[in-house]
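Convert by adding 1 to the 1-based position in the sequence shown; the result is the number in this note's numbering.
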Amino acid sequence: MFVRSERLFLRPGWPEDQDEFLALIDDESVVRNLTRAPWPYTGEDARRFLDAAPDMLLPRFLITQPGAHGTRIIGCIGLSLLDGEANLGYWIARDHWGQGFASEAARAVLSLARALGHKRIVGSHFVDNPASGRVLEKVGFRPTGRVLERYSEGRAASCLSREYAVEFDSPSDCGDDCDNSGLGSAPAMAPKRAA
Numbered sequence: 002m003f004v005r006s007e008r009l010f011l012r013p014g015w016p017e018d019q020d021e022f023l024a025l026i027d028d029e030s031v032v033r034n035l036t037r038a039p040w041p042y043t044g045e046d047a048r049r050f051l052d053a054a055p056d057m058l059l060p061r062f063l064i065t066q067p068g069a070h071g072t073r074i075i076g077c078i079g080l081s082l083l084d085g086e087a088n089l090g091y092w093i094a095r096d097h098w099g100q101g102f103a104s105e106a107a108r109a110v111l112s113l114a115r116a117l118g119h120k121r122i123v124g125s126h127f128v129d130n131p132a133s134g135r136v137l138e139k140v141g142f143r144p145t146g147r148v149l150e151r152y153s154e155g156r157a158a159s160c161l162s163r164e165y166a167v168e169f170d171s172p173s174d175c176g177d178d179c180d181n182s183g184l185g186s187a188p189a190m191a192p193k194r195a196a
């Protein structure tokens with residue numbers, strides 16, 4: 002599965018991505034904000050992640066940026082199950098922070114999630130990483146009011162995490178924000194306030 006947004010191309014990871022992927026995620030300032038990535042992050046961890054079987058209802062992608070000199074990986078984004086709900090997770094390599102890539106990739110994945118029939122997506126961030134909360138709010142998530150303890154493999158500790166959610170209207174009810182494909186850079190959803 003592939004998704005194109007205004008500046009980005011989201012694609013599956015392949016075994017030949019291992020070295021480039023590892024060079025980007027092998028950064029404690031990235032890994033400490035993730036729940037499932039260990040620290041230190043090794044080549045074996047990268048291989049296992051890239052070799053994992055795809056799930057068509059919970060897709061995950063490498064975030065790549067096409068350019069004049071080829072396409073480079075700048076992060077990762079995808080859906081997973083968390084406490085029985087579809088959860089949006091992502092990371093961007095430190096050299097690419099602050100350029101709107103996380104928001105753009107999240108909008109594209111949320112449009113795809115809606116097209117796949119998901120009704121609600123949750124997301125969270127550790128309380129000491131408010132930048133991730135700003136990304137979630139920018140793409141339509143609203144705080145649920147819950148602050149939960151989540152274990153971070155990268156920190157080897159449980160940390161407080163704020164929960165957010167976005168709920169979709171009917172998949173055919175795109176409104177004026179949709180482009181023709183439903184997968185463009187505009188959010189193809191009508192966010193609702195989470196309960």
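C-beta atoms are modelled at their ideal positions from N, C-alpha and C, and glycine is treated no differently.
{"Asked": "Outcome for residue 15 when other beta-carbon atoms lying within 10 angstroms are tallied against a minimum of 16", "Found": "exposed"}
{"Asked": "Other residues of its chain near residue 58: CB distance less than 7 Å, five sequence neighbours each side excluded", "Found": "117"}
{"Asked": "Outcome for residue 3 when other beta-carbon atoms lying within 10 angstroms are tallied against a minimum of 16", "Found": "exposed"}
{"Asked": "Euclidean distance between Cα positions of residue 108 and residue 164", "Found": "18 Å"}
{"Asked": "Segment limits, alpha helix (DSSP H) that includes residue 108", "Found": "102-116"}
{"Asked": "Buried or exposed (CB count within 10 angstroms, at least 16 for buried), residue 152", "Found": "exposed"}
{"Asked": "Cβ contact (3+ pairs, closer than 8 Å) linking the stretch 29-46 and the stretch 64-73", "Found": "no"}
{"Asked": "8 Å Cβ cutoff met for residue 64 and residue 132", "Found": "no"}
{"Asked": "Backbone CA spacing between residue 49 and residue 19 [nearest angstrom]", "Found": "10 Å"}
{"Asked": "Same chain, Cβ closer than 7 Å to residue 102, five either side skipped, listed in chain order", "Found": "9, 64, 75, 76, 93"}
{"Asked": "For residue 25 and residue 110, the rounded distance between their alpha carbons", "Found": "21 Å"}
{"Asked": "Endpoints, the alpha helix (DSSP H) within which residue 134 is located", "Found": "131-139"}
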